[in-house]
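S.K.: If you're matching them up, the sequences are chains A and B in order. Add 25 to the 1-based position in the first sequence for this note's numbering, that's all there is to it. Add 25 to the 1-based position in the second sequence for this note's numbering, that's all there is to it. Every residue gets a Cβ at the ideal spot worked out from N, C-alpha and C, and that includes glycine. Just so you know, these numbers come straight off a predicted model, no measurement behind them. Sharing a structure, written as structure tokens. Questions coming.
There are 2 protein chains.
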Amino acid sequence: MEYISSPKNDKIKQAKKLTTHKYQKEAQLYLLEGWHLVQEAVNSGEQPKAIYATNKFLEMRELKPFYNKITEISEDVASHLSDTKSPQGIFAIMPRQLATLDAPLHGQYLLLDGIQDPGNVGTLVRTADAAGIKTVVFGHQTADPFGAKVTRAMQGSQFHLNIVQEKLTTVVKQLKQADIPVYGTELNPQAVPYRSVEAAPQFGLIVGNEGNGMQQILLDQTTANLYIPIKGKAESLNVAIAAAVVMFHLVGD
Amino acid sequence: MEYISSPKNDKIKQAKKLTTHKYQKEAQLYLLEGWHLVQEAVNSGEQPKAIYATNKFLEMRELKPFYNKITEISEDVASHLSDTKSPQGIFAIMPRQLATLDAPLHGQYLLLDGIQDPGNVGTLVRTADAAGIKTVVFGHQTADPFGAKVTRAMQGSQFHLNIVQEKLTTVVKQLKQADIPVYGTELNPQAVPYRSVEAAPQFGLIVGNEGNGMQQILLDQTTANLYIPIKGKAESLNVAIAAAVVMFHLVGD
Numbered sequence: 026m027e028y029i030s031s032p033k034n035d036k037i038k039q040a041k042k043l044t045t046h047k048y049q050k051e052a053q054l055y056l057l058e059g060w061h062l063v064q065e066a067v068n069s070g071e072q073p074k075a076i077y078a079t080n081k082f083l084e085m086r087e088l089k090p091f092y093n094k095i096t097e098i099s100e101d102v103a104s105h106l107s108d109t110k111s112p113q114g115i116f117a118i119m120p121r122q123l124a125t126l127d128a129p130l131h132g133q134y135l136l137l138d139g140i141q142d143p144g145n146v147g148t149l150v151r152t153a154d155a156a157g158i159k160t161v162v163f164g165h166q167t168a169d170p171f172g173a174k175v176t177r178a179m180q181g182s183q184f185h186l187n188i189v190q191e192k193l194t195t196v197v198k199q200l201k202q203a204d205i206p207v208y209g210t211e212l213n214p215q216a217v218p219y220r221s222v223e224a225a226p227q228f229g230l231i232v233g234n235e236g237n238g239m240q241q242i243l244l245d246q247t248t249a250n251l252y253i254p255i256k257g258k259a260e261s262l263n264v265a266i267a268a269a270v271v272m273f274h275l276v277g278d
Numbered sequence: 026m027e028y029i030s031s032p033k034n035d036k037i038k039q040a041k042k043l044t045t046h047k048y049q050k051e052a053q054l055y056l057l058e059g060w061h062l063v064q065e066a067v068n069s070g071e072q073p074k075a076i077y078a079t080n081k082f083l084e085m086r087e088l089k090p091f092y093n094k095i096t097e098i099s100e101d102v103a104s105h106l107s108d109t110k111s112p113q114g115i116f117a118i119m120p121r122q123l124a125t126l127d128a129p130l131h132g133q134y135l136l137l138d139g140i141q142d143p144g145n146v147g148t149l150v151r152t153a154d155a156a157g158i159k160t161v162v163f164g165h166q167t168a169d170p171f172g173a174k175v176t177r178a179m180q181g182s183q184f185h186l187n188i189v190q191e192k193l194t195t196v197v198k199q200l201k202q203a204d205i206p207v208y209g210t211e212l213n214p215q216a217v218p219y220r221s222v223e224a225a226p227q228f229g230l231i232v233g234n235e236g237n238g239m240q241q242i243l244l245d246q247t248t249a250n251l252y253i254p255i256k257g258k259a260e261s262l263n264v265a266i267a268a269a270v271v272m273f274h275l276v277g278d
């Protein structure tokens with residue numbers, strides 16, 4: 026097994042580049058960090074292109090099938106590759122696996138319209154996964170699904186459901202063609218309390234930008250626009266919190 | 026109005042100290058940062074002990090009543106005091122306002138048992154506020170309520186509801202003495218789906234540490250222990266997300 030001790034090694038330089046969106050997109054690969062996430066990847070049947078790990082991970086049972094893809098790295102190299110202050114010391118280069126939407130659409134969809142904060146984006150995907158939603162569509166103004174902070178918050182949910190990048194106006198059109206109700210989440214005079222809509226096996230739920238909400242062009246096309254009645258004095262809810270409450274309601278028992 | 030341009034000024038040194046828990050507790054004061062939060066404070070009738078602001082805030086209408094408490098600061102000083110990369114340039118020294126529990130207890134309570142992440146803690150308080158819960162009890166292992174990251178995530182909700190620091194075993198005992206049901210949130214064999222419990226005007230809801238969950242001693246005393254059925258393949262939910270889903274269910278319409 027190869028051992029790399031210098032952050033200046035060419036392979037490490039290449040791996041480090043895969044933390045930037047530009048190179049991720051060119052290479053169609055991204056760098057995944059942390060033992061839990063690498064385990065999630067391989068347990069979900071994903072094929073890492075390469076694994077960089079410090080000594081303590083080399084004998085892990087889950088990594089046996091990928092033995093010929095592992096390169097041992099020093100703690101120095103791990104610190105260099107890491108997005109965190111206390112790196113665990115394991116990284117995998119993974120394919121940027123995006124799904125496509127097959128018309129006619131069916132089932133439950135979460136649509137992210139301009140969500141900027143990577144923690145929010147990742148938490149939204151993880152929550153959709155837990156709620157049993159099969160597809161999350163990233164609009165073009167939403168943070169990239171494969172950034173380090175997003176994958177950390179996703180907790181491996183990118184391996185469980187379909188991640189799609191698509192123009193949201195197109196997706197809303199396809200949902201409506203398939204007779205699937207589309208719900209917005211914007212506090213405007215037309216909004217109705219989320220509990221007034223019943224749980225259903227098919228829906229599209231759109232959540233909007235943290236500060237500015239949804240695009241008007243999408244709002245104009247929704248079947249209904251939902252809000253969460255605020256009982257206390259808080260002005261609003263965090264977008265991932267609000268989406269969670271509505272998702273678990275719409276998905277039902 | 027006094028103008029301070031040097032981070033080495035004694036008043037600024039004192040203000041900076043109020044970002045640490047040790048000095049916060051000694052002085053029973055904390056440093057609040059950002060225009061939105063300072064607005065929330067004064068709009069809620071709170072009395073800042075001092076306000077440090079860069080030039081652009083000096084003429085703000087909301088600050089008029091506190092004119093004699095304002096000190097103008099330079100951008101340099103603002104950077105020095107700030108917990109963020111792009112400081113807005115306004116800070117208030119606020120009393121560490123903690124409430125006490127008056128027996129007999131009544132109403133709805135959120136109990137935080139060893140929540141470590143300041144973002145989670147703040148989001149939990151903000152969400153409790155939005156759900157109409159009037160009291161959040163911080164157990165002794167939970168992050169301090171007045172850290173900069175916590176107050177940023179609370180979004181001013183500390184001015185809307187009661188923040189209590191108390192031993193949770195004591196609070197659970199008082200809840201039970203008042204015949205108020207106490208719900209745990211731990212995925213164990215005794216747990217029941219959260220929807221099997223009905224919304225009610227009185228309850229205590231305990232949420233536990235991100236990694237280790239609730240203390241066993243508290244679990245032993247709960248009326249029921251709730252879980253959120255996971256429909257997809259996610260292993261778990263973020264603690265603030267899970268608490269939000271259960272809180273909005275328990276609070277009801």
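For a contact defined as C-beta to C-beta under 7 Å, what are the partners of His-131 (chain B) on chain A?
M.R.: As a working note, residue 131 (chain B) is residue 106 in the second sequence. In chain order: nothing, as chain A lies at least about 17 Å away.
S.K.: In this structure, how does DSSP classify Thr-176 (chain A) when only helix, strand and coil are distinguished?
M.R.: In the first sequence, counting from the first residue as 1, residue 176 (chain A) sits at position 151. Here Thr-176 (chain A) sits in helix by DSSP.
S.K.: Looking at the unbroken alpha helix (DSSP H) that takes in Asp-35 (chain A), where does it start and where does it end?
M.R.: For the purposes of this step, residue 35 (chain A) is taken as the residue at position 10 of the first sequence. 35-42 is the extent of the alpha helix (DSSP H) around Asp-35 (chain A).
S.K.: Which residues in the same chain have their Cβ closer than 7 Å to the Cβ of Ile-118 (chain A), if we skip the five residues on either side of it in sequence?
M.R.: Mapped onto the first sequence, residue 118 (chain A) falls at position 93. Correct list, in chain order: Ala-40, Leu-43, Leu-54, Leu-56, Pro-73, Lys-74, Ala-75.
S.K.: What residues in the region 107-134 of chain A have a beta carbon less than 9 Å from any beta carbon of chain B?
M.R.: none
S.K.: Could you tell me which of A:Gly-277, A:Asn-237, A:Val-276, A:Ala-216 sits nearest to Thr-248 (chain A), measuring between CA atoms?
M.R.: The sequence position of residue 248 (chain A) within the first sequence is 223, counting from 1. For Thr-248 (chain A), the nearest C-alpha among the options comes from A:Ala-216.
S.K.: So what's Met-119 (chain B) in DSSP terms, helix, strand or just coil?
M.R.: For the purposes of this step, residue 119 (chain B) is taken as residue 94 along the second sequence, with counting starting at 1. Residue state, collapsed to three classes: strand.
S.K.: For Lys-174 (chain B) and chain A, any beta-carbon pair shorter than 8 Å?
M.R.: Looking up residue 174 (chain B) in the second sequence gives position 149. No, no contact with chain A.
S.K.: What are the boundary residues of the alpha helix (DSSP H) that Asp-108 (chain A) is part of?
M.R.: Taking the first residue of the first sequence as position 1, residue 108 (chain A) is located at position 83. Unbroken run through Asp-108 (chain A): none, as it is neither H nor E.
S.K.: Does the pairing of the region 141-156 of chain B with the region 28-36 of chain B give three or more beta-carbon distances under 8 Å?
M.R.: Because the criterion of three Cβ pairs below 8 Å is not met, the region 141-156 of chain B and the region 28-36 of chain B do not touch.
S.K.: What would DSSP say about Asn-80 (chain A), mapped onto helix, strand or coil?
M.R.: Here residue 80 (chain A) refers to the residue found at position 55 of the first sequence. In the structure shown, Asn-80 (chain A) sits in a helix (DSSP, three-state: H, G or I).
S.K.: Measuring straight from C-alpha to C-alpha, what distance separates Asn-68 (chain B) and Arg-121 (chain B)?
M.R.: Position 43 of the second sequence holds residue 68 (chain B). Position 96 of the second sequence holds residue 121 (chain B). Approximately 17 Å between the Cα atoms of the pair.
S.K.: Ignoring anything shorter than 4 residues, give me the alpha helix (DSSP H) runs that lie fully in the region 138-189 of chain A, in order along the chain.
M.R.: 143-156, 173-179
S.K.: How is Asn-280 (chain B) classed by DSSP in three states: helix, strand or coil?
M.R.: With chain B covering only 26 through 278, there is no way to say anything about residue 280 (chain B).
S.K.: Between the region 101-118 of chain A and the region 186-206 of chain A, can you find at least three pairs of beta-carbon atoms closer than 8 Å?
M.R.: no
S.K.: Along the chain, where does the beta strand (DSSP E) containing Ile-95 (chain B) start, and where does it finish?
M.R.: What you label residue 95 (chain B) is simply residue 70 of the second sequence in a count that begins at 1. First-last of the beta strand (DSSP E) with Ile-95 (chain B): 95-98.
S.K.: Which word fits Arg-86 (chain B), buried or exposed, when buried means at least 16 other C-beta atoms lie within 10 angstroms of its C-beta?
M.R.: By 1-based counting over the second sequence, the position of residue 86 (chain B) is 61. With fewer than 16 Cβ atoms within 10 Å of its Cβ, Arg-86 (chain B) is classed as exposed.
S.K.: On the DSSP letters alone, give me the boundaries of the beta strand (DSSP E) that Val-232 (chain B) sits inside.
M.R.: As a first step, residue 232 (chain B) is located in the second sequence; it is residue number 207 there, counting from the start. Per DSSP, Val-232 (chain B) belongs to the beta strand (DSSP E) from 228-233.
S.K.: Whose Cβ in chain A lies nearer than 7 Å to the Cβ of Leu-186 (chain B)?
M.R.: In the second sequence, counting from the first residue as 1, residue 186 (chain B) sits at position 161. Residues of chain A passing the Cβ test: Gly-257.
S.K.: Any residues in the region 264-276 of chain B with a beta carbon nearer than 7 Å to a beta carbon of chain A? Which ones, in chain order?
M.R.: Ala-265, Ile-266, Ala-269, Val-270, Phe-273, Val-276
S.K.: At least one CB of chain B closer than 8 Å to the CB of Arg-177 (chain A): is that the case?
M.R.: Start at 1 with the first residue of the first sequence, and residue 177 (chain A) comes out as number 152. Not closer than 8 Å to any Cβ of chain B, the Cβ of Arg-177 (chain A) fails to qualify, so no.
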